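Here is the structure we will look at, set down as structure tokens.
In our numbering, the protein residues as written are 1 to 240.
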């Protein structure tokens, strides 16, 4: 990493949208991406794959983090502080999904712990490092399936009786981002809620579209940050 690179930390980045977003960033610009991975073997494997890509413009490393474990979150934050001394952008991507029917208390507790409490814990642990960056960025990967406006509209493509636990968690993430925007805007933070559109296809039972839409979603997250300095605005999840 050189001092001119933007430092981005992405949780849950050893697979899926987190990994694809990491790939897009290091291919498209001068970024150093830190992959957050709960599993050390998967984290190391993902870094090896990223470094082997042709025409890479950025760099990458990884740290171990379990967003449901306070000690793990604090250790990851301490490692980033020790190695880099700052953080430009945090992407709260780690998340799980459940389509339990009927919904269960156990599934709801687990999903809220990862998707909501995990995002809050990670943000809190890294907030002081983010404050040191000239352009501070906070991202949480959410979903329009958690939007109340869509949920009560039978004409909305997001109208569905499925995914109670996941959609409840993303409604909470949406609110969390709105509150962080209100709290941090005067400190120069840019707060972004990014829509994970692939979930819609899962709720509709059409998983064949997920690979295409995951690709579109990771490009959206990366492209949003490249354009952000010009737009100077918060991206809100549509109509919520």
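Virtual Cβ for every residue (Gly too), placed ideally from N, Cα, C.
Keep in mind it's a predicted model, so treat the numbers as computed, not measured.
Contact check for residue 138 against residue 123 passes: the beta carbons are separated by less than 8 Å. Secondary structure note for residue 136: its beta strand (DSSP E) is the uninterrupted segment 136 to 142. Using a C-beta cut-off of 8 Å, the region 36 to 50 makes no contact with the region 139 to 149, since fewer than three inter-stretch Cβ pairs fall below that distance.
Within its own chain, no residue has a Cβ closer than 6 Å to the Cβ of residue 134 once the five positions on either side in sequence are excluded. Residue 61 and residue 71 have their alpha carbons spaced roughly 21 Å apart.
With respect to the 8 Å criterion, residue 176 and residue 116 are classified as neighbours on the basis of their beta carbons. Secondary-structure assignment with DSSP links residue 89 through a beta bridge to 8 and 137.
Leaving aside the five residues that flank residue 74 on each side, the residues in its chain whose CB is nearer than 8 Å to its CB run, in chain order, 125. In the assembly as shown, residue 171 is a buried residue. Its beta-carbon has 16 or more other beta-carbons within 10 Å. Taken through DSSP and simplified to helix, strand or coil, residue 64 comes out as strand.
When the beta-carbon positions are compared, residue 94 and residue 118 come within less than 8 Å of each other. Listed in chain order, the non-local C-beta contacts of residue 31 below 7 Å within the same chain comprise 5, 6, 8, 25 and 58, local neighbours out to five positions each way being set aside. Assignment of residue 163 by DSSP, reduced to helix, strand and coil, places it in the coil class.
Beta-bridge annotation (DSSP): residue 171 is not paired with any residue. Residue environment analysis places residue 92 among the buried positions, since at least 16 neighbouring C-beta atoms fall within 10 angstroms of its C-beta. Counting only runs of 3+ residues, the beta strand (DSSP E) found wholly inside the region 18 to 68 occupies 31 to 37 and 59 to 64, in chain order. Checking the DSSP bridge columns, you'll see residue 113 has no partner listed. The distance from the Cβ of residue 108 to that of residue 168 is about 7 Å, consistent with a contact at the 8 Å cut-off. With a contact defined as Cβ atoms closer than 8 Å, residue 90 and residue 56 miss out at about 22 Å.
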